[in-house]
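Chains as they are written, first to last, in this note's numbering: chain A, 1 to 116; chain P, 117 to 231. Idealized CB from N, CA, C, for every residue including glycine. Since we're looking at a predicted model, the values are computed, not measured.
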Amino acid sequence: AQSVAQPEDQVNVAEGNPLTVKCTYSVSGNPYLFWYVQYPNRGLQFLLKYITGDNLVKGSYGFEAEFNKSQTSFHLKKPSALVSDSALYFCAVRDMTGKGRRALTFGSGTRLQVQP
Amino acid sequence: EPEVTQTPSHQVTQMGQEVILRCVPISNHLYFYWYRQILGQKVEFLVSFYNNEISEKSEIFDDQFSVERPDGSNFTLKIRSTKLEDSAMYFCASSEAMGGLLEQFFGPGTRLTVL
Chain A
1 AQSVAQPEDQ
11 VNVAEGNPLT
21 VKCTYSVSGN
31 PYLFWYVQYP
41 NRGLQFLLKY
51 ITGDNLVKGS
61 YGFEAEFNKS
71 QTSFHLKKPS
81 ALVSDSALYF
91 CAVRDMTGKG
101 RRALTFGSGT
111 RLQVQP
Chain P
117 EPEVTQTPSH
127 QVTQMGQEVI
137 LRCVPISNHL
147 YFYWYRQILG
157 QKVEFLVSFY
167 NNEISEKSEI
177 FDDQFSVERP
187 DGSNFTLKIR
197 STKLEDSAMY
207 FCASSEAMGG
217 LLEQFFGPGT
227 RLTVL
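Written out as structure tokens, the structure reads:
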């Protein structure tokens, strides 16, 4: 079975500082990995994905994520946080070999709070 | 930019009643999904749909749930006899491909409240 863990319920960071939102995953084969963001009363918005290739992927709004196969992690990062980045962030995975569920499996979400 | 739309934004119903949640996926997408998010919990997969049939469903998607694509644009989720624990935000999503290479695009959600 595939699963995602987001160990932090909330991350607090000051505006202008770098931020990291952690995600680890478990799949039986190789993973497709995604980050989504959810603003209040809105749906999930796609940020970025890792399919194959370069371990560092860049996405929307200046976010990037680093795939680390040995640590089974896909942490979301941004060099300089903005107050407007405050939202709920979800990591998601699916097994690219098709052995696991083909739909996305989401983590529990991490609330990012950026203080002015 | 094309987007997934959902109606209604909020549905209140009495326990035991039937509800139908509606979604209009992005027009050139072929794969459709329903997810739900109980307040304060993670987003959970319910069902995926392709070529007019269910391609995958979770253990949550029991006999009281059904999905349909009644025409070329709408994709619906029906709950036959709602229970209190069905109260959640229901998200529709669509993608061009099932293989996971392409991301799923999510609608804004329908908040279902069962009284």
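Item, Value
"Residues near GLU119(P) in its chain [Cβ-Cβ closer than 8 Å; skip 5 each side]", "ILE142, PHE221, GLY223"
"Contacts that GLY109(A) makes with chain P (C-beta to C-beta distance below 7 Å)", "LYS158"
"Residue-chain proximity (GLU172(P), chain A), Cβ-Cβ < 8 Å", "yes"
"Boundaries of the beta strand (DSSP E) in which THR52(A) is found, first to last residue", "No beta strand (DSSP E) contains THR52(A), which DSSP labels as neither H nor E."
"Within 8 Å of chain P by C-beta, residues of the region 53 to 71 of chain A in sequence order", "none"
"Check whether LEU48(A) and SER60(A) have beta carbons under 8 Å apart", "yes"
"Proximity winner among VAL128(P), GLY188(P), GLN122(P), ILE176(P), relative to SER203(P) (alpha-carbon distances)", "VAL128(P)"
"Exposed unless 16 or more other CB atoms sit within 10 angstroms - verdict on VAL21(A)", "buried"
"Buried versus exposed call for TYR32(A) [16 or more other C-beta atoms within 10 Å across all chains shown]", "buried"
"Boundaries of the beta strand (DSSP E) in which ILE136(P) is found, first to last residue", "135 to 140"
"Any C-beta of chain A under 8 Å from that of GLU219(P)", "yes"
"Start-end ranges of the beta strand (DSSP E) lying completely within the region 59 to 106 of chain A, minimum 3 residues", "64 to 68, 73 to 78, 87 to 95"
"Backbone secondary structure at GLU175(P) - three-state DSSP", "coil"
"Any chain P beta carbon closer than 8 Å to ALA103(A)", "yes"
"Under 8 Å between C-beta atoms of LEU104(A) and PHE34(A)", "yes"
"Any chain A beta carbon closer than 8 Å to SER203(P)", "no"
"8 Å Cβ cutoff, PRO224(P) in contact with chain C", "The chain labelled as chain C is not found among the protein chains of the depicted structure, namely A and P."
"Counterpart residues of LEU228(P) in DSSP-defined beta bridges", "GLN127(P), ALA204(P)"
"SER28(A), DSSP secondary structure in three states", "coil"
"Under 9 Å by beta carbon: chain A residues contacting PHE161(P)", "ARG101, ALA103, LEU104, THR105, PHE106"
"Expected contact under 8 Å - CB spacing of LYS78(A) and PHE63(A) to nearest Å", "5 Å"
"Helix, strand or coil at VAL120(P) according to DSSP, with G and I counted as helix", "coil"
"Residues near SER73(A) in its chain [Cβ-Cβ closer than 6 Å; skip 5 each side]", "THR24"
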